[in-house]
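Participant:
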Amino acid sequence: MRRPFRLVVVACLLATRLDAQANDPSKVTIERIFTTRDFAAAGFGPTAWTPDGNGYTTVEPSAGGAGSDLVRYDAASGARTVVVPASRLVPAGASTPLAIDGYDWSPDARGLLIFTNSARVWRDNTRGDYWVLNLTTGALKQLGKGAPASTLMFAKWSPKGDRVAYVRQNNVYVEDVTDGLLTRLTQDGGRTIINGTTDWVYEEELNLRDAFRWSPDGTRIAYWQLDAGGVRDFLMINSTDSLYSFTIPVQYPKAGTTNSSARVGVVSANGGATTWFNVPGDPRNNYIARMEWAPDAGSVVIQHLNRKQNTLTLFSGDPRTGAVRPIHVEQDSAWVDAVDDFRWLDRGGAYTWVSEADGWRHLFVRPRASGQAKLVTRGDYDVGNVVQIDVAGGWVYFIASPTTGIQRYLYRAKLDGSQPAVRLTPTDAPGTHRYDVSPNGKFAIHVASSFGAPPQIDLVALPDHRRLRALADNAALRSTVQALARGKQEFVRVPIGDGVELDAYLMYPPDFDASRKYPVIFHVYGEPASQTVTDSWGGRNYLWHVMLTQQGYIVASVDNRGTPSLRGRAWRKSIYGKVGLLNSADQAAAAKEMLRTRPFLDPSRVGVWGWSGGGSMTLNLLFRSPELYKVGMSIAPVSDERNYDTIYQERYMGLPGENSEGYRLGSPITFADKLEGKLLLVHGTGDDNVHYQNAEQLVNKLVAANRPFTMMSYPNRSHGIFEGTNTSRHLFELLTRYLRENLPAGASAIQ
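Each number in this note's numbering comes from the position in the sequence shown (counting from 1) with 85 added on.
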């Protein structure tokens, strides 16, 4: 009869312990991560440098009440001027100012283009409403009057500042900002004909959304047109938002299937017929990855990729006739990436180009006509990306990390290649550094973070990197993070044989005792799209990992070959044709080596988790190395590589018809019957990226093989599984609970 009283006492003690933990600043909890503002990081911007580079503008909360002011700062002195107060952004008949999602000053500095009421298309908020403020008269006018809300995309000023072009429901328009005259440049836009923007796969895999360009003289517009008529719809099913379910079609080309055709044309900004460029090849089996006008408006350059993406041809096109001629060809036995670091020099007489021809990603200056390309950067290191080119000073600023693949620093070199690159980031500042360098190269907005240290945003002077002032120091967040109970966190190199060493990190419990054994959970990704082992702030994932260490786990991660580390072409492209094979073999080899050399890692308690490509990796490791991995948590995985899109999968695996065995062996579903450990499979049914189909097909294979597993579906959630009330918290509580129930936490004695 006394048992109920004992249960009440235990429950009270547990509640007291949990309450104390929730209020303990040294402890990380799911609630603190996902429902409080304890770990919220302050950002800065949006910002825009003034043309001379001596100042910048940004958006700040209005001191006068609602809305935001646009303010200008002098970079050297910090003098602040309110350029546009929020009170000037109140539309007629409204009581509150427009919310500013983005803005752009007109070339003559007499107008302000405001992006507001934005909405997500696939990844980003690229649809919205646009307004123009006349800075002289104070008139505030909405563009596309009468258009449905949030239907305008990529509005941009003409070079003269008298007109704005934009995309509306897959057609391109030009609107005069003075008299409102609206000219529709394309007439055929609809569900399958896409003008001035792109389809799902171009956006996702070529990072191409904004698909039109003003000519430098403001008389013409060059634009992409995609015809998705041959692309099959993938149907997602919504069963929760109405009494009867309905389908959501997504034009999605799966590996080996038909792509949209793509072409580029030029049309007068006053309307009329389009002149199409006669780019050779089947437009459904080639890609137009990039396009820009030459500075003299006399030609358009087009980056053209073949279907295999191993040949990139740079064409120069005549906008009057549509004729094109190749001016450079880049080839690789694996794949070639589109060049984002293309910049015009010498008034269009030369351009910057990136090539891996010598085994490292280097910057070149190529003549537009004929002549020898000039190597700007030289040595056994990779250029990460170009940040700024100071033409007047003859400098190029770029990101690199010659000695390690886990960090990023700012360098600069002479454009003529006459001097070796010099590091501008201080040598006593490890971590990952990002920069927005002013046009004159004298200042930069600097974002610095490191593993376990939140970002700090400063304005610095260049080239001495002198700190001028803090823009968002995140001091409170740093103090909050520093108060957490954290064990040792270290980066290591793990040898796996044949001279190959992989970057890895380990996070230890605060009370770690090397004489005891601990469970280890590996966080994985391992595909060419991303790294997990970087000396940078990891946000929620990092905090959750800290929480796991506080509960008695060691957390580890490894970057296998094929990840986009700055370790040379051979490192990155060794995975070609072997996604799912080489990367999972590297991961398993690293895990075995870490277990062999670290007796405190318990081989009977090894877990793995990952998302997207990391979800696929989790499955491959569980299925291929069941003797090693005991528990896996796979979120939104590709279970069959044939299910994923053309551009990504074919870039790294080749065409399915030419590498069918590679696709089969790289797909986790092929080995699902080998499952022995515990598997948690999580997927959103509204995932437009990695379709829920992958989970359902895998479930069928596991059921047929009579393999037990646990599954959680999130209705109508996308690939990020964040939509809806409490979703992120629920997901990570699920992961935490599953881990604790199936991979017991805490230290045990070494036998």
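Backbone N, C-alpha and C fix where the C-beta goes; we use that ideal spot for every residue, glycine too.
Verify the contact flag: D109, CB atom, against every heavy atom of the ligand NAD, threshold strictly below 7 Å.
Facilitator: No copy of the ligand NAD appears in this structure; indeed no ligand is present at all.
Participant: In whole angstroms, what is the alpha-carbon distance linking T795 and L270?
Facilitator: Rounded to whole angstroms, T795 to L270 spans 54 Å at the Cα level.
Participant: By DSSP, does H608 sit in helix, in strand, or in coil?
Facilitator: DSSP places H608 in strand when its eight states are reduced to three.
Participant: Would you kindly report the start and end of the unbroken beta strand (DSSP E) that includes G769?
Facilitator: From DSSP, the beta strand (DSSP E) with G769 extends over K763 to G769.
Participant: Give the range of the beta strand (DSSP E) segment to which T201 is assigned.
Facilitator: That run of the beta strand (DSSP E) goes G196 to R205.
Participant: Roughly how many whole angstroms lie between the Cα atoms of D772 and S535?
Facilitator: So the alpha carbons of these two residues sit roughly 32 Å apart.
Participant: So for Y733, helix, strand or coil by DSSP?
Facilitator: Note: Y733 maps to helix in three-state DSSP.
Participant: What are the partner residues of R822, as DSSP defines its beta bridges?
Facilitator: The partner list for R822 (beta bridge, DSSP) is empty, contrary to what the question assumes.
Participant: Could you tell me how far apart the beta carbons of S330 and G246 are, in whole angstroms, since I believe they sit closer than 8 Å?
Facilitator: Not really, about 50 Å apart at Cβ, beyond 8 Å.
Participant: If you draw a straight line from the alpha carbon of W134 to that of R165, how long is it in whole angstroms?
Facilitator: In a straight line, the C-alpha of W134 is about 14 Å away from that of R165.
Participant: Buried or exposed: G698, going by 16 or more other Cβ atoms within 10 Å of its Cβ?
Facilitator: Buried is the call here.
Participant: Checking the sheet assignment: what are the DSSP bridge partners for M376?
Facilitator: I387, per the DSSP bridge assignment.
Participant: Ignoring anything shorter than 4 residues, give me the alpha helix (DSSP H) runs that lie fully in the region 108-177, in order along the chain.
Facilitator: Those alpha helix (DSSP H) runs which fall completely within the region 108-177 and span 4+ residues are 115-119.
Participant: For Y308, name the three-state secondary structure that DSSP assigns.
Facilitator: Strand at Y308.
Participant: With respect to the beta strand (DSSP E) encompassing G350, which residues constitute its N-terminal and C-terminal limits?
Facilitator: Element bounds for G350: S346 to S353.
Participant: Using DSSP with H/G/I as helix, E/B as strand and the rest coil, what is T360?
Facilitator: The answer is strand: DSSP assigns T360 an E or B state.
Participant: Suppose the cutoff is 7 Å on Cβ atoms and the five residues either side in sequence are ignored; what does the same chain contact list for N363 look like?
Facilitator: Excluding sequence neighbours, N363 sits near G407, A408 and V409.
Participant: Tell me the rounded alpha-carbon separation between Y258 and N280.
Facilitator: Roughly 10 Å separates the two Cα atoms.
Participant: Count the C-beta pairs between the region 672-688 and the region 574-587 that are closer than 8 Å, then say yes if the count reaches three, no if not.
Facilitator: Segments in contact, yes.
Participant: Since P411 sits in a beta bridge, which residues does DSSP pair it with?
Facilitator: According to DSSP, P411 bridges with F400.
Participant: Would you mind reading off the limits of the beta strand (DSSP E) that contains G698?
Facilitator: Segment G698 to R709 is the alpha helix (DSSP H) holding G698; no beta strand (DSSP E) there.
Participant: Less than 6 Å between C-beta atoms, sequence neighbours within five positions excluded: which residues of the same chain meet that for S401?
Facilitator: Excluding positions up to five away in sequence, the list reads S384, V386, R410 and I412.
Participant: If you draw a straight line from the C-alpha of L820 to the C-alpha of F756, how long is it?
Facilitator: Near 24 Å, if we compare the C-alpha coordinates of F756 and L820.
Participant: With contact counted as at least three CB pairs below 8 Å, one residue from each stretch, are the region 150-157 and the region 206-216 in contact?
Facilitator: With a cut-off of 8 Å, the region 206-216 and the region 150-157 do not count as touching, because too few Cβ pairs lie within range.
Participant: Helix, strand or coil: which one does DSSP assign to G275?
Facilitator: In this structure, G275 counts as coil in the three-state DSSP scheme.
Participant: Say whether the region 298-316 touches the region 216-234, bearing in mind that this needs 3 or more beta-carbon pairs closer than 8 Å, one atom from each stretch.
Facilitator: Taking 8 Å as the limit for Cβ pairs, the verdict is that the region 216-234 does not touch the region 298-316.
Participant: Report the three-state DSSP secondary structure of H518 (helix, strand or coil).
Facilitator: H518 falls in the strand class under three-state DSSP.
Participant: Can you tell which of G490, N344 and Q782 has its C-alpha closest to the C-alpha of Y733?
Facilitator: Comparing Cα positions, the closest option is N344.
Participant: Out of T221, H776, N785 and R122, which one is the CA nearest neighbour of T195?
Facilitator: A small fix is needed here, since residue 195 is Arg in this sequence, not Thr. The residue with the shortest Cα to Cα distance from R195 is T221.
Participant: What first and last residue would you give for the alpha helix (DSSP H) that runs through E743?
Facilitator: Per DSSP, E743 belongs to no alpha helix (DSSP H) and is neither H nor E.
Participant: Confirm, please, whether the CB-CB distance from L740 to G341 is below 8 Å.
Facilitator: Going by C-beta atoms, G341 is nearer than 8 Å to L740.
Participant: Quick check on W539: does DSSP put it in helix, strand or coil?
Facilitator: The sequence shown places Pro at residue 539, rather than the Trp named in the question. If DSSP states are grouped into helix, strand and coil, P539 belongs with the strands.
Participant: Nearest to Y748 by CA position, among L764, Q782 and E735, is which residue?
Facilitator: Ranking the options by Cα distance to Y748, first place goes to E735.
Participant: So is T332 buried or exposed if we call it buried at 16+ other beta carbons inside 10 Å?
Facilitator: The residue is exposed, with fewer than 16 neighbouring Cβ atoms inside 10 Å.
Participant: Smallest Cα separation from R654: which of A419, R571 and E289?
Facilitator: Answer by Cα proximity: A419.
Participant: Starting from the N-terminal side, write out each stretch of the alpha helix (DSSP H) that is 4 residues or longer and does not extend beyond the region 549-605.
Facilitator: Qualifying alpha helix (DSSP H) stretches, in chain order: 560-567.
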